[in-house]
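In the numbering used here, the protein residues as written are 301 to 555.
Virtual Cβ for every residue (Gly too), placed ideally from N, Cα, C.
Quantities reported herein were computed from a predicted structural model and do not represent experimental measurements.
In what follows, a structure is listed as structure tokens, so that the remarks can point back to it.
If you want it as structure tokens, here you go:
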């Protein structure tokens, strides 16, 4: 019996991270770089908070022009790995969350996610190269929530598109998987907590404390714990995996 310990080394690979200035995006970019990858990053801002990126570009993926410009950059760079992380969050019940919120969240979380994924797949197929696409879903994509209807729906769409893309691209040796984080302690949680304070009439900080305590492992996750799974999916460690959604949630969602 032979034993092949596949490496997590990413040397020689170009990895693109969208939504790179968030906690998970930055942690993942840093992990990719630490394992030898050439890292490309993008977010709406001109600056990137880490020095791990070889090139950072500012694109507003909610706009047609911004998404088109990002896709042109992708065509020129042909990244081997995509960490498709850019997303927006908002809240409101079905009586409060109108079509304006729907348009904002779906424009980035679904439309831009799909457009960037398609651009990376097109570039890889044209170059005749294998690759790994990692889409960011959420535990919210596995179940509806009374105050988070639009966001939950966008993340359910991410899971569905991940499965469809994986089946379509399997013959080209392009793997497509998703990561489904639970409650992760990122800067975005300050916004999430303030929205729950508004809609559930809670003191600031209470919701964040409650969700951390409710996790079976007993704490909110850290961005590096998601980044480690992204490294697994980007590397040859996961070469026989596609069309899967991996939950990184401390046991919150049992499937």
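Where DSSP assigns a beta bridge to residue 381, which residues make up the other side? According to DSSP, residue 381 bridges with 315 and 432.
On the premise that residue 410 lies in contact with residue 458, defined as a C-beta separation below 8 Å, what is that separation, rounded to the nearest angstrom? Sure, about 7 Å apart at Cβ, within 8 Å.
Within this structure, are the beta carbons of residue 518 and residue 550 separated by less than 9 Å? It is a contact, given that the beta carbons lie within the stated cut-off.
Evaluate residue 503 with the Cβ neighbour count: other Cβ atoms within 10 Å of its Cβ, from every protein chain shown; 16 or more gives buried, anything less gives exposed. Burial is judged here by how many other beta carbons sit within 10 angstroms of a residue's own beta carbon; residue 503 has fewer than 16 and is exposed.
What are the boundary residues of the beta strand (DSSP E) that includes residue 464? Per DSSP, residue 464 belongs to no beta strand (DSSP E); it is in the alpha helix (DSSP H), 449 to 469.
Hey, residue 327 and residue 315: beta-carbon distance below 9 Å or not? No; because the gap between Cβ atoms is not below 9 Å, this pair is not in contact.
Taking Cβ positions, are residue 477 and residue 433 nearer each other than 9 Å? The answer is yes: Cβ separation under 9 Å.
Run of the beta strand (DSSP E) containing residue 484, from where it starts to where it stops: Counting along the chain, no beta strand (DSSP E) covers residue 484, and no H or E run does either.
Tell me whether the beta-carbon of residue 361 lies closer than 9 Å to the beta-carbon of residue 416. Contact: yes.
Closest to residue 465 by C-alpha separation, out of 429, 418 and 495, would be which residue? Checked all of 429, 418 and 495; the closest Cα to residue 465 is 418.
If I follow the unbroken alpha helix (DSSP H) through residue 442, where does it start and stop? Residue 442 -> no alpha helix (DSSP H), and no H or E assigned at all.
Assuming the contact rule is C-beta atoms closer than 8 Å, residue 322 and residue 520 should be a hit. Round their C-beta distance to whole Å, please. No, residue 322 and residue 520 are not in contact; Cβ-Cβ is about 15 Å, not under 8 Å.
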